[in-house]
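Let me begin by presenting the structure, written as structure tokens, before commenting on it.
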Amino acid sequence: MLKDMLTNEYLSKLEVLDMAVKKRLSSAPASGARKSSNKGSSLEFSDFREYTQGDDLRRVDWNGYARFGRLYTKLFNEERQASINIILDGSQSMRFYKEKWEYAEAFAASVAYIALNNSDMVNIFIANATAIEKCIGLVSKQSFPKAVNFLDAERNGGITRLNESVKTLAYERLGDGITIIISDFFSEDGYDSAVKLLRSKKQSVNMIQILDKKEALPEERGNVRLIDSETGGTRELELTPELLDRYSQTLEKFRAEIREFALKNEAGFYAFDTSKPLIAAVGEILN
45 MLKDMLTNEY
55 LSKLEVLDMA
65 VKKRLSSAPA
75 SGARKSSNKG
85 SSLEFSDFRE
95 YTQGDDLRRV
105 DWNGYARFGR
115 LYTKLFNEER
125 QASINIILDG
135 SQSMRFYKEK
145 WEYAEAFAAS
155 VAYIALNNSD
165 MVNIFIANAT
175 AIEKCIGLVS
185 KQSFPKAVNF
195 LDAERNGGIT
205 RLNESVKTLA
215 YERLGDGITI
225 IISDFFSEDG
235 YDSAVKLLRS
245 KKQSVNMIQI
255 LDKKEALPEE
265 RGNVRLIDSE
275 TGGTRELELT
285 PELLDRYSQT
295 LEKFRAEIRE
305 FALKNEAGFY
315 AFDTSKPLIA
325 AVGEILN
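Each residue of the sequence shown is one higher than the last, beginning at 45 in our numbering.
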């Protein structure tokens, strides 16, 4: 289970890692990209976010409630939090290898923990088929167990179409911030329009590819039957050294295509497999 991976020792390592990054950034020239999270009373209005328990009722947008039937809290420039949006591909191809799925879940939870530790707002989305499940408006470390329970809930996989799924976020109030897509990117309908949509919503996008170590470097040899984990289709193959070499070349070409697309669309791209220690992978994107 996910909770078994997120030990106190591991979470302490995340905090140490986060502190090291902060120390390095504090000695670098300020970029001005992040707004202060200090609260004040004489403030300039800047945005809304969904109301969460404990918000000052004086800052609730009651006009918005009358129009939409939902509560939103007004944000002001000095108190505006960074918004961290995590999109986790919940398809069957991500779940086929247990270690791969647990790694992806723990990666998402690690990002959420660091963001909440910095008092940033965290929104988590899981893409299943053409729908999106969401756990949004997390704003403190006290809400981290809620994030873990959401990520760890039992779900069916199926075929995920990232472009179609992310399209449903077009009307979500994501806020100016960072969106992290965690996927193998074996999406039937691709990923390009998903990234472009997020960029149009003023998101700094990072694409995180996670594969099982057996996908990155297959161990099987000889005659095998391959089964598509999402469609159930089968194919008989003889895994020879030559064929495995072609597989490695094809995988590297696939990654190169994603990397080139990310570069053209001002997004980040990172590729990991489960042989890499999780804390090292998280550290790489923080750096």
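Backbone N, C-alpha and C define an ideal beta-carbon position, used for all residues, glycine too. Keep in mind the model is a prediction, meaning the values are calculated, not measured.
Legend entry - Ala324, buried or exposed, once every other Cβ within 10 Å from all chains shown has been counted against 16: In summary, Ala324 is exposed, with fewer than 16 beta-carbon neighbours lying within 10 Å of its beta-carbon over all protein chains present.
Legend entry - Length at least 4, wholly inside the stretch 111-171: the alpha helix (DSSP H) runs in chain order: The DSSP assignment places complete alpha helix (DSSP H) segments of no fewer than 4 residues inside the stretch 111-171 at 136-139 and 142-161, in order along the chain.
Inset, instruction - Identify, in the order they occur along the chain, each residue of the same chain with its Cβ nearer than 8 Å to the Cβ of Asn172, setting aside the five sequence neighbours on each side. - result: Once the five neighbours on either side are set aside, the close Cβ partners of Asn172 are Gly134, Ser135, Arg199, Asn200, Gly201, Gly202, Thr204 and Ser209.
Inset, instruction - State the Cα-Cα distance for the pair Val249 and Ile224, rounded to the nearest angstrom. - result: Going by C-alpha positions, Val249 is about 6 Å away from Ile224.
Inset, instruction - Could you check if Met165 is buried or exposed, using at least 16 other CB atoms within 10 Å of its CB as the buried criterion? - result: In the assembly as shown, Met165 is a buried residue. Its beta-carbon has 16 or more other beta-carbons within 10 Å.
Inset, instruction - Take the Cβ of Phe112 as the centre, count every other Cβ of all protein chains shown within 10 Å, and call the residue buried at 16 or more, exposed below. - result: Of the residues assessed, Phe112 falls on the exposed side of the cut-off, its CB having fewer than 16 other CB atoms within 10 angstroms.
Inset, instruction - Alpha carbon to alpha carbon, how far is Val155 from Gly312? Give it in angstroms, no decimals. - result: So the alpha carbons of these two residues sit roughly 15 Å apart.
Legend entry - As assigned by DSSP and simplified to three states, the class of Gly76: Note that Gly76 scores 40 on pLDDT, short of 50, meaning its location in the model is unreliable and no value can be drawn from it.
Inset, instruction - Provide the residue span of the beta strand (DSSP E) that contains Asp317, from first to last. - result: Residue range Gly312 to Asp317 is occupied by the beta strand (DSSP E) that includes Asp317.
Legend entry - Close beta carbons around Pro285, own chain, < 7 Å, minus the five adjacent residues each side: A distance below 7 Å between beta-carbons, with the five flanking residues on each side excluded, links Pro285 to no residue of its chain.
Inset, instruction - Using the Cα positions of Lys66 and Leu58, report the straight-line distance between them to the nearest angstrom. - result: In this model, Lys66 and Leu58 are separated by some 12 Å (Cα to Cα).
Inset, instruction - Please name the residue in Ala150, Tyr215, Lys190 and Ser184 whose C-alpha comes closest to that of Ile176. - result: Of all alpha-carbon atoms in Ala150, Tyr215, Lys190 and Ser184, the one lying nearest the alpha-carbon of Ile176 is that of Tyr215.
Legend entry - Sequence ranges, beta strand (DSSP E) only - wholly within the stretch 233-275, length at least 3: Within the stretch 233-275, the complete beta strand (DSSP E) runs of at least 3 residues are 247-255 and 266-271.
Inset, instruction - Out of Tyr147, Ile170, Arg279 and Ser244, point me to the one whose CA is closest to Asp256's CA. - result: Answer by Cα proximity: Tyr147.
Inset, instruction - Could you check which residue in Asp272, Asn309, Leu281 and Leu261 has the C-alpha nearest to that of Gln293? - result: Distance from the Cα of Gln293 is smallest, within the candidate group Asp272, Asn309, Leu281 and Leu261, for Leu261.
Inset, instruction - Compare the Cα-Cα distances from Ile226 to each of Arg139, Ile271 and Ile180 and report the closest residue. - result: The shortest CA-to-CA distance from Ile226 to any of Arg139, Ile271 and Ile180 is the one to Arg139.
Inset, instruction - Using a threshold of 8 Å, state whether the C-beta atoms of Phe194 and Ile168 are closer than that. - result: Taking 8 Å as the cut-off, the beta carbon of Phe194 is found closer than this to the beta carbon of Ile168.
Legend entry - Beta-carbon proximity list for Ser187, same chain, < 7 Å, skipping 5 on both sides: The answer, listed in chain order, is Leu160.
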